[in-house]
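Chemist: Residue numbers (our numbering), protein chains in the order written: chain R, 816 to 950; chain L, 816 to 950; chain S, 816 to 950. Cβ coordinates follow ideal geometry from the N, Cα and C atoms, glycine included. It should be emphasised that the depicted structure is a prediction, and the values quoted were computed from it without experimental measurement. Handing you a structure now.
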Amino acid sequence: MVIEIQISVSGQGLHEITREIQRRVADAEMDAGLCTLFLRHTSASLTIQENADPSARRDLEAWLNRLVPENDPLYTHTSEGPDDMPSHIKAILTATSLTIPILQGRLALGTWQGIYLWEHRRRTGSRNLVLHLCP
Amino acid sequence: MVIEIQISVSGQGLHEITREIQRRVADAEMDAGLCTLFLRHTSASLTIQENADPSARRDLEAWLNRLVPENDPLYTHTSEGPDDMPSHIKAILTATSLTIPILQGRLALGTWQGIYLWEHRRRTGSRNLVLHLCP
Amino acid sequence: MVIEIQISVSGQGLHEITREIQRRVADAEMDAGLCTLFLRHTSASLTIQENADPSARRDLEAWLNRLVPENDPLYTHTSEGPDDMPSHIKAILTATSLTIPILQGRLALGTWQGIYLWEHRRRTGSRNLVLHLCP
């Protein structure tokens, strides 16, 4: 089963999508299986990270922004704005797709794991995901 | 088929799990298919790396420790110890899940590829994996 | 269905393989499903990146070469040449496998997404991929 999903984002940062994905998995009434998430963009990414303390996510964002700053003189691909080339670099360092097993009808996430769409651009709008479920 | 697996770890570093996973695949008696490994933690990760010369793994560990040191003044998420926030960062730079095709009843790894659980914390104990096999 | 594919590479850089993979998916005549690509090497990787402006790919390559330079005094694994250890590090920072859903008989890539084999060594020759398709 393949489902297209739109996710609203409001600027740079980690947007949690665990509940949205969990709901789609529950709707499929699949006891065991595999859930694949695929992001159709090259300037945002997917990640699984700690869902408890927001300070961990703020530090992830700050650390990655320091490693991949805007306005680096190395960049030649600058026509789409100062946040564009850093976004592509951040995307290759993180993930475009995630695969998560389904156990007893639910995503087999650990206690502290949440699924995040990591928006790397300063834009507000929506991003397109494709969800695949197999038994 | 979905199987839960516990892996013992003894401190930071790359712990090879190739044989353990290969054995589970053999038990499934599947000629061709796809094996997915998913780690239920946010301060450790999975990686596929050179299994021949241990110096390559030592250099990977040393390089990543230098890129993501402990006690960076940037960190605000410090309540769980100095090795906690670096572990989350290392986890987002590596992988939480791996997908490996099965060919002629075995994982289709290259000659020099081994599967590793990369423990980023200094802890000793066990980590939980979920293995999914599909034809 | 599992297929072995050989890809020719001519030195370091991002080699686009989208058409080759798209063709294999079309041949399988699968309306919906999941395509997994797995690279059987530890000194090259797979990535999905912007396929429009070549300057973005040149910047990705230049940025990663600066982050992971040759001849770093940290390296002890040096017997296979100065481009070997940087290649392993670049491989763990990017991806060894990609999973892409199939929608209406085609890979569900976004408008600007291309699939690339990222060769990290200076070698010319071929690399081995394994493609798995499931409904």
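Below 8 Å between beta carbons: does that hold for Gly940/S and Met845/S?
Modeler: In this structure, Met845/S does not lie closer than 8 Å to Gly940/S by Cβ.
Chemist: Should Ser823/L be labelled buried (16 or more other beta-carbon atoms within 10 Å of its own) or exposed?
Modeler: Per the 10 Å Cβ criterion, exposed.
Chemist: How would you list, in chain order, the residues of chain R whose beta-carbon sits under 9 Å from the beta-carbon of Asp868/S?
Modeler: Per Cβ cutoff of 9 Å: His892, Ser894 and Glu895.
Chemist: Using a Cβ-Cβ cut-off of 6 Å (strictly less than) and excluding sequence neighbours within five positions of Ile902/S, which residues of its own chain qualify?
Modeler: What sits at residue 902/S in the sequence shown is Ser, not Ile. Closer than 6 Å at the Cβ level, and outside the excluded window around Ser902/S, lie Ser858, His935 and Arg936.
Chemist: Would you check if the distance between the CB atom of His892/L and the CB atom of Ser870/R is smaller than 8 Å?
Modeler: Yes, the pair counts as a contact, with Cβ atoms nearer than the cut-off.
Chemist: Cα separation between Arg942/R and Leu854/R?
Modeler: Their Cα atoms are separated by approximately 8 Å.
Chemist: Under 8 Å, with one C-beta from each stretch per pair, do the stretch 875 to 888 of chain L and the stretch 831 to 845 of chain L reach the 3-pair mark?
Modeler: The stretch 875 to 888 of chain L is not in contact with the stretch 831 to 845 of chain L.
Chemist: Given a threshold of 16 other Cβ atoms within 10 Å of its Cβ, counted over all protein chains shown, does Ser894/R qualify as buried or as exposed?
Modeler: Counting Cβ neighbours within 10 Å, Ser894/R comes out exposed, since fewer than 16 surround it.
Chemist: Closer than 7 Å between beta carbons: that is the criterion. Which residues of the stretch 838 to 857 of chain S meet it against chain L?
Modeler: Within the stretch 838 to 857 of chain S, the qualifying residues are Thr851, Phe853, Arg855, His856 and Thr857.
Chemist: Closest to Ile917/S by CA distance: which of Val840/R, Ala841/R and Leu946/R is it?
Modeler: Here the closest residue by C-alpha is Leu946/R.
Chemist: What residues of chain S sit near His947/R, judged by a beta carbon separation below 7 Å?
Modeler: Residues of chain S passing the Cβ test: Leu849 and Pro916.
Chemist: Measure from the C-beta of Ile907/L to each C-beta in chain R and report whether the shortest distance is under 8 Å.
Modeler: For Ile907/L, the answer is yes, since a Cβ of chain R falls inside 8 Å of its Cβ.
Chemist: With distances taken between CB atoms, is the gap from Ile863/S to Leu875/L smaller than 8 Å?
Modeler: Result no, Cβ atoms of Ile863/S and Leu875/L do not sit closer than 8 Å.
Chemist: Report buried or exposed for Gln827/R, applying the criterion of at least 16 other Cβ atoms within 10 angstroms of its Cβ.
Modeler: Buried is the call here.
Chemist: At a CB-CB cut-off below 9 Å, which residues of chain R make contact with Thr939/L?
Modeler: By Cβ distance, chain R contributes nothing, its closest Cβ being about 19 Å from Thr939/L, past 9 Å.
Chemist: Buried or exposed, going by whether 16 or more other CB atoms sit within 10 Å of the CB of Glu865/L?
Modeler: The residue in question, Glu865/L, is buried, as its Cβ has 16 or more Cβ neighbours within 10 Å.
Chemist: Please classify Arg881/S: is it buried, with 16 or more other beta-carbons within 10 angstroms of its beta-carbon, or exposed?
Modeler: Exposed, because fewer than 16 other Cβ atoms sit within 10 Å of the Cβ of Arg881/S.
Chemist: Label Gln821/L either buried or exposed according to how many other C-beta atoms from any shown protein chain fall within 10 Å of its C-beta, with 16 as the threshold for buried.
Modeler: Exposed is the call here.
Chemist: For Pro950/R, name the three-state secondary structure that DSSP assigns.
Modeler: Coil.
Chemist: Return the residue from the list Leu852/R, Ala867/R and Asp868/R that minimises the CA-CA distance to Leu861/R.
Modeler: If we check each option's Cα against that of Leu861/R, Leu852/R comes out closest.
Chemist: Roughly how many angstroms lie between the CA atoms of His856/L and Tyr931/R, to the nearest whole one?
Modeler: Between His856/L and Tyr931/R, the C-alpha separation is close to 15 Å.
Chemist: Figure out for me which residue from Asp868/L, Gly848/L and Thr909/L has the closest Cα to the Cα of Leu948/S.
Modeler: Checking every option, the nearest Cα to that of Leu948/S belongs to Gly848/L.
Chemist: Does any residue of chain S have a CB that is nearer than 8 Å to the CB of Thr833/R?
Modeler: It does not; no Cβ of chain S falls within 8 Å.
Chemist: Using a cut-off of 7 Å between C-beta atoms, extract the partners of Glu865/R located in chain L.
Modeler: Under the 7 Å cutoff, chain L gives Thr857 and His903.
Chemist: Could you compute how far the alpha carbon of Ala923/S sits from the alpha carbon of Arg839/S?
Modeler: Cα to Cα, Ala923/S sits roughly 14 Å from Arg839/S.
Chemist: Find the residues of chain L that neighbour Asn886/S, judging by a C-beta separation of less than 8 Å, and give them in chain order.
Modeler: Ordered by position in chain L, no residue passes the 8 Å Cβ test against Asn886/S, which lies about 13 Å from the chain.
Chemist: Mapping DSSP to helix, strand and coil, what is Thr911/L?
Modeler: DSSP places Thr911/L in coil when its eight states are reduced to three.
Chemist: How would you call Thr926/L, buried or exposed, if buried means at least 16 neighbouring beta carbons within 10 angstroms?
Modeler: Thr926/L is exposed by the Cβ-count criterion.
Chemist: Thinking C-beta only, is Trp878/L closer than 8 Å to Ile818/S?
Modeler: No; because the gap between Cβ atoms is not below 8 Å, this pair is not in contact.
Chemist: Checking 8 Å against the spacing of the C-beta atoms, do Thr911/S and Trp933/S come in under that value?
Modeler: Going by C-beta atoms, Thr911/S is not nearer than 8 Å to Trp933/S.
Chemist: Report yes or no: is there a C-beta of chain R within less than 8 Å of the C-beta of Leu924/S?
Modeler: It does; some Cβ of chain R falls within 8 Å.
Chemist: Please tell me whether Leu913/L has its Cβ less than 8 Å away from any Cβ of chain S.
Modeler: Judged by the 8 Å Cβ criterion, Leu913/L is in contact with chain S.
Chemist: Who are the near neighbours of Met900/S in its chain, counting only those whose CB is closer than 7 Å to its CB and skipping five residues on each side?
Modeler: Tyr890, His892 and Thr893.
Chemist: For the beta strand (DSSP E) containing Val840/L, name the first residue and the last one.
Modeler: Where Val840/L is concerned, there is no enclosing beta strand (DSSP E), although the alpha helix (DSSP H) it sits in stretches over Thr833 to Asp842.
Chemist: According to DSSP, what are the bridge partners of Arg921/L?
Modeler: According to DSSP, Arg921/L bridges with Leu918/L.
Chemist: Classify Asn943/R as helix, strand or coil using the three-state DSSP reduction.
Modeler: The answer is strand: DSSP assigns Asn943/R an E or B state.
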